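To start, the structure itself, in structure tokens.
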Amino acid sequence: MKPAIEISHVSRRFSVAGGEFWALKDVTVTIPEGILAILKGRSGSGKTTLLNIIGALDAPSEGTVRIDGREIGGLTERQRDDLHRRQMGFVFQAVSLIPSLNAYQNVEFSLRMAGIREGRKRRAEECLKLVGLGNRMTHMPAQMSGGEQQRVAIARAMAHKPRILLADEPTAELDSAMAAEVTRLFAQLAEKEKVTVVMTTHDLGLMDAGSMVIELENGEQR
Amino acid sequence: MFKMMLEKLLSKKWMSLCLFAGILLLAATAVSFPMYRSEAFDRMLREEFRNYVSSEGRWPAVNSLVLISKKDAGGKSIVRAEELMGELCGMLEVTPLETIYYYSLAKEEARSLMNRDDLGKVSLRLGFLSGLPEHAKMLAGEMYSGEGVSEDGCLEAVISQSCMVESDLLIGETIEFPDLETPEGKPVRVRITGVFGEAGENDFYWQKKPDEMTLDCLVEEKAFREYFTGDRAGKNIITVSCYSMFAYEDLKAGQTEKLAQVTDWLTQESPYRHVVEEPAYREILEVYEGKRMRIQATLFLLQIPVLALLGAFLFMISGQMYDMERSDISVMKSRGASRGQILRLYFYQSCFLTVLGTAGGLPLGAAFAGALGSARSFLEFDLQKGTWPGADAFCSKETFLYGAAAMGACILIMTLPAVRHSKISIVSLKRQKAAKKRSWWEICFLDVICLAVALYGYYTWTRNGGNVAESVLKGEAMEPLQYMGSSLFIVGLGLGALRLQPLLLGAVYALGRRFWGPASYISFMENNKNGRKQQFIMIFLIMAVSLGMFHATAARTILENALENRAYLDGADYIVKEVWEDNSGLMNGEAEAEFRYYEPDFDKYARLEGISSYTKVVYDPKAYVELEGNRRQNMVLMGIHTKQFGESTKMPPGLTEKHYYEYLNELALQPDGVLASADLRDVCGYRVGDVITYCDGRKNKAKGKIVDFFTYWPGYVPSVLERNPDGSVSRQLRSMVVAPIDTLVTKWGTVPYEVWMKAEDSGDGREFYRWVDQEEVRLVRYVDRGADLEAVIVDPLLQGTNGILTMGFLVVIVLCGVGYLIYWILSIRSREMLFGILRAGGMHKGEIFHILLNEQIFCGGYSVAAGILIGSLTCRLFVPILQNAYTAADQVLPLRLITEEGDMVRLYGVVGAVLALCLLVLLGLVRKLNVAKALKMGEE
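As they're listed, the protein sequences go chains E and B.
Per this note's numbering, the first sequence starts with residue -14, numbered consecutively.
Per this note's numbering, the second sequence starts with residue -15, numbered consecutively.
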């Protein structure tokens, strides 16, 4: 299988009062195309930092990340933005919907961002139905529960059919049945649409769904 | 709690600083008003007194009583009257100058002891005038001696020149009054030692001029008292006149109340009310008081919108602060803080900021007052010529009152919203965030109400437009509704614009639905969702722009019209009318002798520097035109040299159909022609080519053919306001005929003329007065246009108006800039997470900036555009109303709406700079935007 994400010798150092703090130390992983990879670890182990670096939201202090063979450290800001727009989808730990748009508009907006002109309505509705919110499309984020908002975020992240979907604790706000459902959704997405999904979680019950598990502890790979 | 409050303030230092600045400005604006006023009113009071002196030639600050003692036993009433006069200045609390006593006995027969055949008997009044030796100069002989009695027991006396002529007395002559007794019981003998006249010109000591003292034989005071007062007062009738003069130059506005009060008591209630004369200063005080009330009311009205805007600013900023602290409040409440505690916290905070702000506001207010006092026109100050409030203005009762009111208002504005906010709990906060509701003003149609009231005010004004003249003559202040009309109009239309904005945007969005990129899409959606939060800053911006325009136009219009009118009425830069001697004194009633004038030296005008041209102008206000049937039309006759007149005068353009030079050219072609004012055509029915007979004040006649009619002419007053016997006021037309001066001289001989001059541009006006001194010009009338215009500029009403409008404008601009900037920075800060999400979704920084730019256009751009539109409409409708309150009774030029481009450029410049600065700040914020950090914020 073709590698989708190649992480080699990535470290991330933060300056903190009284010295330096290594959030990541020399991580090297290769994630193949079209699988669901699970980043596992306790809180503070560096999962989110690694995810942000893969997603080019943050830059590594050392090491390189390649997406589809292209090193993202060398991209211009514009190229990085395009990468985010067309090839990546994000689901953040915290709620990340646009408060002034309703559920449907939030999903549709990512299609707009990706420059998709035709069939936006159908696709947006399809994705919302997929996450079980077909009947709440016109609700504003403030009118939905945390779990519902998280599901809208997932629908939004996958609507424009990204090459890579990065999800930071997407199940944290969901009940276990829904968590299992979402994870299954991710696995299905990976298998059918050849999307590479990387998701962080500390829920041990979900590990089985992933075809690959990467475990971090204190920023180091185990 | 104090520590907590300080921490809270420090954690939001920008907001706290804004609140502080708002309070500072509000306090300063509020106290500047009484501070300026007290200074301006002092000045105005002085002006009123000076005007009286220059027009009446008498000292107005004097109280006098005239007492006739009839056989006053022991002279007690005289003594009491003298005591009263001695105390009077102390009672009035004014600075005493001089108290003059003038005693005289009744007219008595006297006969000369010299053997003269021509003098039989004379009637003379014996008396004394205190302080005479200091104020008189001897024309002949000498002043009475210190003792007042000569060695041979005669009273020494001086007389005026007119008395000498009238009674035919000689110096050194001794006369005897058989009916008056010396203390020794002999008849009183008086020796004339000299003839006196005034020592200096314009000495206000002379309540009665020496010329008028045709019967007075003045002796030394001590001697007179010894002979005729005290125990001996019962023997004669003595007329006692006392004049208590005080200084008016150091009279303060605050003293007038006491002064008027004591004067009232003196003339109406005191035991002396029958002998005290009505003092001249009372009328001055009344005129002053009327003006003061008018100015006070007008300036106060002018300040209201600015103060209201400042209040609104405080309200807005503190509202923002509450919004930011909503979650803090809800957390505090969930941890058991009572509503009272939260209210107290905000109350302390408001008090703390207010005390700090007011402390700074006092000196700033003094600076404002100084600026007000040095305002020359809109946005123009001359700090060197200005007058600054004194220390007493600082701690006056009024300043204190205004300051306290400002403080109270600040505390209230900042604390009251806490009542609402303190109700919030975590649950209701979430609910509130989700709700999207209409603003209260939209529901109660505040915009419609404001507009209706404003238009009603406008309507009543247009309907009563004819009564303007009346209110002007009566010196009424403008009606509050009429002035507030403009503010209400602005608010009403501004709110209407807010109502329109979402509809307009919705339409724009719908029109281009297919074309909008992600950035524009987000801007439209954000505006749709959050637009209501911007309403306050939008109305603020709209009001700032339109009020700015209104203030600028109003100030310019008022001042320029007043200046133009003054300049027009004066006619020329300088006009000099000298004293013309004539031979009437020498004619002695001989009818056959020809009356003639002696022309003053004209060559001296060539020696006056700083003058570019000058010309002789006959100006006779007592002339008339003979109409049919022995009727007369009174008019002003003007005789001119056409070419020189054109060179020495100027007129504002556009007043007459053609340039006034063209009239001059027409007149120059016809030596027998005259130019006539248009009312002679319109009222008397004359036509061009008609021959009229006109006469000057001495009834010299001449005929002239009317060459043309003019509506305005340099120095021509087309109409004046006059009070009719029934109390109503109407405009009376005035006529004028202009003829060539050479024609008049040919027909009538020498005619007294004035000299009209045009100043060089560089002249500073001082040469003129130097010249008058040097050449010893004896002036009957003079005009100094520069000085007159200066007087208009520093007129307290106009200056105060200019100052307040300018200060208001500046304050509004500052507030608007600061408020707008703060609003946007906060708005962006509060949405950093949104931008983080958008960035993570791959939105370029350029697109984020695009969103913000769109919002600026929707909010700022729209508001400024609406403000300009509303402002110009308001100017057109309401400036004429405002102008009304300032129209002087002698306004003859048509009023024009004056907008100075420079002001608008400045206004737009400042607003543009604010918007640009805002964009710059936005740019900086967008650049610094850190996606990971922004998203982290969302987690918390």
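Note that the Cβ used here is the ideal one computed from N, Cα and C, for glycine as well.
Quick caveat: nothing in here was measured; it's all calculated off a predicted structure.
Mind listing the chain E neighbours of residue i? Cutoff is C-beta to C-beta under 8 Å, in chain order.
i: Y505/B; result: F94 and R97
By alpha-carbon positions, which one of the options ends up nearest to residue i?
i: V203/B; options: D587/B, L89/B and A771/B; result: L89/B
i: V260/B; options: E233/B, E270/B, Y227/B and V894/B; result: Y227/B
i: D195/B; options: D163/B, N186/B, K206/B and S144/B; result: S144/B
i: R71/E; options: V180/E, L191/E and T49/E; result: V180/E
i: A390/B; options: S16/B, N614/B and F793/B; result: S16/B
i: T83/B; options: L68/B, S96/B and V778/B; result: L68/B
i: A546/B; options: E182/B, Q867/B, G349/B and S318/B; result: Q867/B
i: C335/B; options: D312/B, E382/B and L400/B; result: L400/B
i: N567/B; options: E583/B, Y696/B and A281/B; result: E583/B
i: P702/B; options: V722/B, T677/B and A662/B; result: A662/B
i: S423/B; options: G515/B, A14/B and K685/B; result: G515/B
i: V149/B; options: Y589/B, K275/B and V179/B; result: V179/B
i: H208/E; options: V12/E, F77/E, L82/E and V182/E; result: Residue coverage of chain E in this structure runs from -14 to 207, which leaves residue 208/E outside it and unanswerable.
Name, please, each residue of chain B whose Cβ falls closer than 7 Å to the Cβ of residue i.
i: D67/E; result: G826
i: R63/E; result: H828
Would you decide whether residue i is buried or exposed? Buried here means 16 or more other CB atoms lie within 10 Å of its CB.
i: Y443/B; result: exposed
i: S225/B; result: buried
i: K192/B; result: exposed
i: F352/B; result: buried
i: L116/B; result: buried
i: R(-3)/E; result: buried
i: W190/B; result: buried
i: A388/B; result: exposed
i: M(-14)/E; result: exposed
i: S(-5)/B; result: exposed
i: L285/B; result: buried
i: N200/B; result: Inspection of the sequence shows that residue 200/B is occupied by Asp rather than by Asn. Its Cβ being crowded by 16 or more others within 10 Å, D200/B is buried.
i: M122/E; result: buried
i: K(-13)/B; result: exposed
i: N572/B; result: Below a pLDDT of 50, predicted positions are generally treated as unreliable, and N572/B, at 49, falls in that range; the measurement from the model is reported next regardless. Its Cβ having fewer than 16 others within 10 Å, N572/B is exposed.
i: A869/B; result: buried
i: I(-8)/E; result: buried
i: M827/B; result: buried
i: M619/B; result: buried
i: V739/B; result: buried
i: H(-6)/E; result: exposed
Can you pull the chain B neighbours of residue i, defined as C-beta to C-beta under 8 Å?
i: F75/E; result: A824 and G825
i: R148/E; result: Chain B residues near R148/E: none, gap ~13 Å exceeds 8 Å.
i: R252/E; result: For residue 252/E there is no data in the structure shown, the boundaries of chain E being -14 and 207.
For a contact meaning CB atoms closer than 9 Å, what does residue i contact in chain B?
i: L60/E; result: Within 9 Å Cβ-Cβ: nothing; L60/E doesn't reach chain B, min ~12 Å.
Could you work out which residues of chain E lie near residue i, taking near to mean beta carbons separated by less than 9 Å?
i: L818/B; result: I83, P84 and S85
i: I821/B; result: F75, F77, S81, L82 and I83
Report the neighbours of residue i on chain E: residues whose CB is nearer than 7 Å to its CB, in chain order.
i: E510/B; result: S85
i: N514/B; result: S85
Residues in the segment 30 to 47 of chain E having any Cβ partner in chain B nearer than 7 Å: N37, L42 and D43
Taking only runs that begin and end inside the segment 741 to 823 of chain B, name each unbroken beta strand (DSSP E) of 3 or more residues, in chain order. 763 to 768
Residues in the segment 491 to 502 of chain B with C-beta within 7 Å of chain E's C-beta atoms, listed in sequence order? P502
If the cut-off is 8 Å on Cβ atoms, which residues from the segment 120 to 135 of chain E count as contacting chain B, listed in chain order? M125, A127 and Q128
At 4 residues or longer, and completely inside the segment 496 to 575 of chain B: list those alpha helix (DSSP H) runs for me, N to C. Qualifying alpha helix (DSSP H) stretches, in chain order: 502 to 514, 519 to 554 and 568 to 571.
Any C-beta of chain E within less than 9 Å: which residues of the segment 841 to 872 of chain B qualify? Listed by position along the chain: nothing, the set is empty.
Using a beta-carbon distance cut-off of less than 9 Å, what residues from the segment -9 to 13 of chain B approach chain E? So the list is empty, because no residue satisfies the distance condition.
Give, in chain order, every residue of the segment 264 to 284 of chain B whose Cβ lies closer than 8 Å to some Cβ of chain E. none
Check each residue of the segment 879 to 893 of chain B: if its Cβ is closer than 9 Å to any Cβ of chain E, include it; give the result in chain order. Against chain E - using a Cβ distance shorter than 9 Å - the segment 879 to 893 of chain B contributes no residues.
If we require 3 or more residues per run, which beta strand (DSSP E) segments fall completely within the segment 123 to 175 of chain B? 139 to 144 and 158 to 165
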